[in-house]
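I have placed the structure first, in the form of structure tokens, so that the comments after it can refer back to it.
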Amino acid sequence: MDTAPRISVALGTHNGEPFIREQIASILAQTRPVDEIVLSDDASSDDTVVIVEEAVAARLAEHGSAPDLVVLRNDPPLRVTKNFEQALLATTGDLVALCDQDDVWHPERIAELAARFEEPGVLLVFSNARQVGASGEYLGHDLFEAIAMSPRERALVEHGQAYEAFLRRNLATGATAVLRRSLVDQAAPFPEAWLHDEWLAMLAAAQDGVRIHPRALTDYRQHDNNQV
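Position in the sequence shown counted from 1, then plus 14, gives you our numbering.
Quick look at the structure:
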């Protein structure tokens, strides 16, 4: 009998106190619970890490179970790509969900994206997202509309030709992506000239391992302090 994959979250943070409480609550509320959260904090001067630690401890006290929590602290900061590389390399799951500090996951995000990996050749799956403002208000469009993904680009990804599309530009936003842990080992060390999600998506696309999930499974927050 097949065993369920172990699922990790690679969470990169830096002074995320304004939004991290909502994000960690949405991770802990998944219909398919995650098994591990690896938080790599890039020299935060606020209570980002404390908020996550308290939320996971409260989950354990209230429900008798909670994801394993690993906290890595950087001082001086590693910056975005190397911070995520550190988080990803520390994960122990079969699958890893990339996670920004300021978004909100829909309850079925992990369940729906993990199911796509029943296809053996899949290395990375990315989804659509709702674009929301700083207060969580819907901005009237989704992520695929915001990046102006063309019908041709979408068709290339859906028909196993993602590499052709990704040679022109990355379409897989990291905050919406889940990937096989084995892809991380292929990708490391991450080149500093690339963003982590671009590099992972390109490697996966070169192996016909990218799939697109059309549903919006994340509220992708836009605000004045976005790191990217």
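Ideal Cβ placement from N, Cα and C applies to all residues, glycine included.
Three or more C-beta pairs below 8 Å linking the stretch 63-76 and the stretch 118-138
no
Compute the beta-carbon to beta-carbon distance between Leu109 and Val84, rounded to the nearest angstrom, for a pair I have assumed lies under 8 Å.
Here residue 109 refers to the residue found at position 95 of the sequence shown. Here residue 84 refers to the residue found at position 70 of the sequence shown. So it is not a contact: roughly 16 Å between Cβ atoms.
Less than 8 Å between the C-beta atoms of Leu214 and Leu127, yes or no?
For this step, residue 214 is matched to residue 200 along the sequence shown. For this step, residue 127 is matched to residue 113 along the sequence shown. No. Outside cutoff.
Report all residues from its chain with a CB closer than 7 Å to the CB of Glu212; omit the five preceding and five following residues, and keep chain order.
In the sequence shown, the residue the question calls residue 212 occupies position 198. Excluding sequence neighbours, Glu212 sits near Asn184.
Rounded straight-line distance, which links the Cα of Ala169 to that of Gly26:
Start at 1 with the first residue of the sequence shown, and residue 26 comes out as number 12. Start at 1 with the first residue of the sequence shown, and residue 169 comes out as number 155. When rounded, the distance between both Cα atoms is 31 Å.
Grab the span of the alpha helix (DSSP H) containing Thr27 for me, first residue to last.
For this step, residue 27 is matched to residue 13 along the sequence shown. Premise fails: Thr27 lies in the beta strand (DSSP E), Ile21 to Thr27, not in any alpha helix (DSSP H).
Quick test of your reading: Thr105 and Glu151, contact by CB under 8 Å. State the CB separation rounded to the nearest angstrom.
The residue you call residue 105 lines up with position 91 of the sequence shown. The residue you call residue 151 lines up with position 137 of the sequence shown. Not quite, the Cβ-Cβ distance comes to about 33 Å (not below 8 Å), so this is no contact.
Neighbour-count burial assignment, Arg182, 16 or more Cβ in a 10 Å radius:
Here residue 182 corresponds to residue number 168 of the sequence shown, with the count starting at 1. Per the 10 Å Cβ criterion, exposed.
Sequence-distant residues of the same chain with beta carbon closer than 7 Å to Pro90, five excluded per side:
One-based indexing of the sequence shown puts residue 90 at position 76. Ala57.
So, helix, strand or coil for His155, using DSSP?
The residue labelled residue 155 in the question sits at position 141 within the sequence shown. Strand at His155.
With DSSP as the reference, please indicate the residues paired to Trp119 in a beta bridge.
Working through the sequence shown from its first residue, we reach residue 119 at position 105. The partner list for Trp119 (beta bridge, DSSP) reads Thr232.
CB of Ile21 within 8 Å of CB of Gly135, strictly
On the sequence shown, position 7 is the one that residue 21 refers to. On the sequence shown, position 121 is the one that residue 135 refers to. No, Cβ-Cβ distance for Ile21 and Gly135 is not below 8 Å.
Return the CA-CA distance between Tyr177 and Ala186, expressed in angstroms with no decimal places.
Position 163 of the sequence shown, counted from the start, is the residue given in the question as residue 177. Position 172 of the sequence shown, counted from the start, is the residue given in the question as residue 186. Near 12 Å, if we compare the C-alpha coordinates of Ala186 and Tyr177.
Which of helix, strand or coil DSSP assigns to Phe204
Your numbering for residue 204 matches position 190 in the sequence shown. Reduced to three states, the DSSP call for Phe204 is coil.
Secondary structure of Glu68, DSSP reduced to three states:
Locating residue 68 in the sequence shown gives position 54, where the first residue counts as 1. Correct three-state label for Glu68: helix.
What's the C-alpha gap between Glu31 and Asp60?
Residue mapping note: residue 31 aligns to position 17 of the sequence shown, counting from 1. Residue mapping note: residue 60 aligns to position 46 of the sequence shown, counting from 1. So the alpha carbons of these two residues sit roughly 6 Å apart.
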